[in-house]
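A.B. asks: Here's a structure for you.
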Amino acid sequence: MAQQAKDGCGRRLTRRQFLTAAGAGAAGAAALKLAPWEAGAAPAQIRGTSLRILTWSHFVPAYDTAFDKYAADWGQKNGVTVRVDHIPIDQLPARIASELAAGAGHDIFQMNGQIQTTLYYKNMVDVSDICDRLGKQGGGWIPMAKNVAVVGGHWYALPEFYIPQPVLWRTDLFKEYGLKVPSTWDDLRAAAKVGKPKSHAAGMAISHCNDANHNWRAVFYAFGVKEADPTGKEPAWDSKELREAMRWSKALWSEGMTSEVFSWDNVSDNRSLDSGVAIWIHDAISAIRSIQDSNPTLYNNVNIAIDGLEPRGPAGRFAVVDPTILGIWKFSKNQAAAKAFLEEYGGDVKFSLVESKGYNMPYLKKWYTKPMPSLGDDPKVKLLQDWDKVAYVFGYPGPATAAASEVLSTFVLPDMLARYCRGEDLESAIKWGMGQIKSIYAKYKS
Amino acid sequence: MNGVEALGRRAALLEEGARRAQARALRRYVLVYLGLVPFLFIAVFPVFWMAITAFKTDADLVNPRVFPFWFHQHPTLGHFTYLFQHTYYGDWIVNTMLIAACVSLVTLLLGVPGGYALARLGLPGAENMGIAIFLGYLIPPILLFIPLSRVVALTHLIDTRWALVLVYPTFTVPYCTWLLSGFFKTVPPEIEEAALVDGCGRVGALVRTVLPVSLAGILTAVIFAFTLTMQDFLYSLVYVSVSDQKPVPLGVATDLIRGDVYFWGSLMAGALLVGVPVAILYSFFLDQFISGITSAAVK
Amino acid sequence: MADAELAVGRRVGVRHRAFTRERLVFGYSLLVPAILYMALLVGVPFFFSLYLALSDASVGNQVAQYVGLRNFIAIFQDSTVRLALRNTIVFTVIAGIFKIVLGTLMAFLLVQEIPGKKFIRSLVVLPWTLPVAISALAWKWMFDPQFSAINYVATRLHLIHGWPNWLGEPGLAPAAVIAVNVWRGFPFAAIVLMAGMSAVPPELLDAAKVDGATFFLRYQHIVIPLIAPILFVGLLFDTVFTLSDISIVYLLTMGGPENFTEILPTRAFEIGIQAGALGRGAAIALVLFPILVPVVYFLLRNLRRREAL
């Protein structure tokens, strides 16, 4: 308590300063129905300030270079000194937690995969005005955007982009084995079964890594498994569908995958595909970007996605994507510049699409008109232009709550599946998993 | 004649003895070397592998069909030049050295007086105080780093290398104060008393007599401070996110893993460029280091 | 006469007392910087994290409600934390034993006078001087299920059959984690033991040899008792490092497969930071503390007591 009061003291002055400064601008802007920075020229109040941005090391390294330049150019245009720091995705949560404890660090920070808006929103600046405007310009947000950025009706972060994880499959091997073009998860299972004895097993990690979380959620959702009720309060995993999904997944593993998948990390499946082993994997397209130049034959033989979407399961097609969002700390002394930057960057979807070579998928509906910039020009990735129709995020059908996030970060799903694959009885593996999930949800209820 | 013969026989015997001694020594060498082989293998094999990786071209590295421990394409210095041309590796080395030197200095500034007071002045409760300081070392960084963030923020050092100079002594001071206090106990009190009688004063006695004979202990403390500094990852990760302020281990692990791309060659090159010189330094100071530990532990 | 003697005695007494007071003031003022630093940078944060462990704090809400021991009850109901506690103890003990055995053998060889001793020593301390975060990555690559260099060598030497998946099998992954810890730590164990061996006066050994004591007897009765305190200290330093180090497990397995390599610090990180439940994370990180403190206290006390003998 004392600490909070102290925080308030330390910040009150700057916040009041800010409010007085911003008040004037906001009054003018309200009359025009425009934010001051929307008028084009940079408002005087942000000139001469500095802005610090914390983001990940992008899986497409060229994007980091482009983003740094983008931020620097924006800074130059607006008279703001901008500095961007990149850290590996796995290390973002620790750094963010530490920045809040310190009450210092960056102005804008990214959450990536591990979305914790529900935990942090009290310390994040409400950016509803920006998101509303961007939504209007961009033809509305896809439904998933709200699940990662909205708490209690307010937007606390800008949905930046999400990373699709389609199936990447070898057309040459499918042809060689006389397999039909896949459309369902069952087709893929059949292909894996044929490929494995010929040392072309399929692969999805069943281990403690982010890919395992996303890949198997895509399968489980396709079987109709629901993580929670639509409000996200009560867990809803335990179901007939869960049992079916488990049985099917074990069969897929035993028929079509090796036990390597129990030790895979986020990169192992890329290597398996890139070295010509895997008949299919389920991962972000960065997996094949690395062989585009070094092994063009293989690159040409890999197809992206199934019917331009995720494979069909009994309950439909579901993709569980890796979302990223950008938030502004309340302790930031330069919220005006931060907001101005977010608004410009958030609206510049084209930059994001082009520079990431179609890796960054937008949350704004307008950008899904074909052909999408960059994506539409690439004969391979252009198949991803309908991904908004299948994009979901963990916690489905509820929002990405703290409880759902803990289920994700403690790897309950891959562990439950691994137990079953390794010979534990189905009900006992499920009982273990449900025990974990129930106790996690119970902790956040009080 | 007899005398000469006897002399000759004696010489022959001596020669024989010497030869036998030599043979024995040789046998001992061989045995010791043979005994060391497995240990050297265990210790060096991964390092050797890292070194090979550092000089291999990328294509050579991920070729699963060839013997992984040798070159199948020409060795390259590309990973080393990459370090210096495309990353802040030069800065990282400077930072690491600077941080280690400053941390050592701070550790000595706190640990030498502290250890001396605990060891020599018969303070009531000295033993418990010493243990209390050491207990600080038991608190895992994972527990400490969140509350410590606030302290670091108060000093406005966040995102500079000085933040690490501030926090690393949290694990070097307990360790080294305790070591040094053990070491100071071994210095004979007479030296100090003589200095006191000569009118040196207490500080003078400490500086002029006790410190010079405690060099091994001080060196030990410095080596520990250096090593512990090199092993940290968490503190540097959360307190320093700016590339040109990072120390080597953090810089290498964060800036050479770009998403799912590992710059294996440069990673290994970066680790070896700091690890190997430190190991060589060790071998020079190992004897002093050993005597430092000995006195600290048993006295 | 008697008065004069008394006066002198009193004067001496006063002087002695002044001397003591001056010494105490001097002593405590020497201690102040270290104590102050530790109190501010370790003590205060530590007590704050104790408070965190007793509260429902989350990463986003770091000043929260007091909840008593609820976090501790919750974590002991978590089967993964119990497993992590077990793993932590098992890993530390097994790795400790290996480090002592390997360290002793190597120290015994390294104290021998042989040509090239310095060079050999600098080679064997390499594992200890490389940043652990990076050597763990190198090991991960060597354990890679597809490209494992270890398997490449071992299968060709016919040491193993098949192609074991070191980081993916519940039986092998803990062994892999322990192996990396041992690899990193045994040179230090050897250094510490060399220190111990050099503390044994050679005359003592010679005397025992003359008395006809066998090699093992000499070891049992002379070397081991003399080495023991140093060994304990080395072990203590190393154990503390092992107990708080997360980088090896974090980089090799992230606690997998199925939590078989989960240890308390990694679990604390997962719960406290990645899942954001700061209070529970702090509680997990504190689990070993009540056991460690008395152990360390008695160990350090008794080590130093030996000096009095």
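Protein chains in written order, with the working numbering: chain A, 186 to 631; chain B, -15 to 283; chain C, 3 to 311.
Just so it is clear, CB atoms sit at the ideal spot from N, CA and C, and this is done for glycine as well.
1. Since I believe A:Q350 is in contact with A:N400 (beta carbons under 8 Å), could you give me their beta-carbon distance rounded to a whole number of angstroms?
2. So, helix, strand or coil for C:L132, using DSSP?
3. B:S293 CB to nearest chain C CB: under 7 Å?
4. For A:P273, which option in B:P261, B:W248, B:T238 has the closest C-alpha, if you only look at C-alpha atoms?
5. C:R25 CB to nearest chain B CB: under 7 Å?
6. According to DSSP, simplified to helix, strand and coil, what is A:E345?
7. Smallest Cα separation from A:A589: which of A:K331, A:G417, A:A282, A:V312?
8. Does the segment 263 to 278 of chain A touch the segment 477 to 489 of chain A, meaning 3 or more C-beta pairs lie closer than 8 Å?
9. Which ranges does the alpha helix (DSSP H) cover as unbroken runs of at least 4 residues, wholly within the segment 130 to 154 of chain B, from first to last along the chain?
10. Give me whichever residues DSSP pairs with A:W246 in a beta bridge.
11. For B:S220, which residues in chain A fall below 7 Å Cβ to Cβ?
12. Please work out which residues of its chain come closer than 7 Å, Cβ to Cβ, to C:A279, disregarding the five sequence neighbours upstream and downstream, and give them in chain order.
13. Do you know how far the Cα of A:N398 is from the Cα of A:S624?
14. Per DSSP, what kind of secondary structure is C:W168 in: helix, strand or coil?
15. Should A:A585 go down as buried or exposed, given a rule of 16 or more other Cβ atoms within 10 Å for buried?
16. Can you find at least 3 beta carbon pairs, one from the segment 71 to 89 of chain B and one from the segment 150 to 160 of chain B, that sit closer than 8 Å?
17. Please confirm if the segment 372 to 389 of chain A is in contact with the segment 539 to 548 of chain A, defined as three or more CB-CB distances below 8 Å between the two stretches.
18. Measure the C-alpha to C-alpha separation of A:V404 and A:A390 and round it to an integer number of angstroms.
19. Return yes when the Cβ of C:V113 is within less than 7 Å of the Cβ of C:M196, no when it is not.
20. Does DSSP put B:F39 in a helix, a strand or coil?
21. Residues in its own chain within less than 7 Å of A:R355 by CB, not counting five upstream and five downstream?
22. Quick check on A:E495: buried or exposed, where buried means 16 or more other Cβ atoms within 10 Å of its Cβ?
23. Please list, in chain order, the chain C residues whose beta carbon lies closer than 7 Å to that of B:Q215.
24. Counting contacts by CB-CB distance shorter than 7 Å, is C:L87 in contact with chain A?
25. Helix or strand or just coil, what does DSSP make of C:N63?
26. Specify whether the segment 563 to 583 of chain A and the segment 35 to 50 of chain C touch according to this definition: at least 3 beta carbon pairs, one from each stretch, less than 8 Å apart.
27. Hey, is A:I272's beta-carbon within less than 7 Å of any beta-carbon in chain B?
28. Could you check whether A:G461 and A:A387 sit closer than 7 Å to each other, using their CB atoms as the reference points?
29. Which residues in the same chain have their Cβ closer than 7 Å to the Cβ of A:H339, if we skip the five residues on either side of it in sequence?
30. I'd like to check one pair, A:S444 with C:N167: are the Cβ atoms closer than 7 Å?
31. Please report the Cβ distance between B:P124 and C:A287, rounded to the nearest whole angstrom; I am assuming they are in contact, meaning their Cβ atoms lie under 8 Å.
32. Kindly identify the DSSP beta-bridge partner or partners of A:G512.
33. Look up A:H393 in the DSSP assignment and say whether it is helix, strand or coil.
34. Specify the secondary structure class of A:P221 as computed by DSSP and reduced to three states.
35. Based on the DSSP secondary-structure assignment, which residues constitute the bridge partners of A:H339?
36. Taking buried to mean at least 16 other C-beta atoms within 10 Å of its own C-beta, is B:L251 buried or exposed?
C.D. replies: So, to answer that:
1. 7 Å
2. coil
3. Nothing in the structure corresponds to residue 293 of chain B, since chain B is present only between -15 and 283.
4. B:T238
5. yes
6. strand
7. A:G417
8. no
9. 145 to 151
10. Per the sequence shown, residue 246 of chain A should be read as Pro rather than Trp. Paired residues: none, contrary to the question.
11. None at all; the shortest Cβ gap to chain A is about 11 Å.
12. S60, I273
13. 19 Å
14. coil
15. buried
16. yes
17. no
18. 13 Å
19. yes
20. helix
21. I464, W465, N486, V487
22. buried
23. P133, V134
24. no
25. strand
26. no
27. yes
28. no
29. D311, S313
30. yes
31. 5 Å
32. A:F294
33. coil
34. Note that A:P221 has pLDDT 46, beneath the 50 cutoff, so the model's placement of it is unreliable and no number is given.
35. A:V336
36. buried
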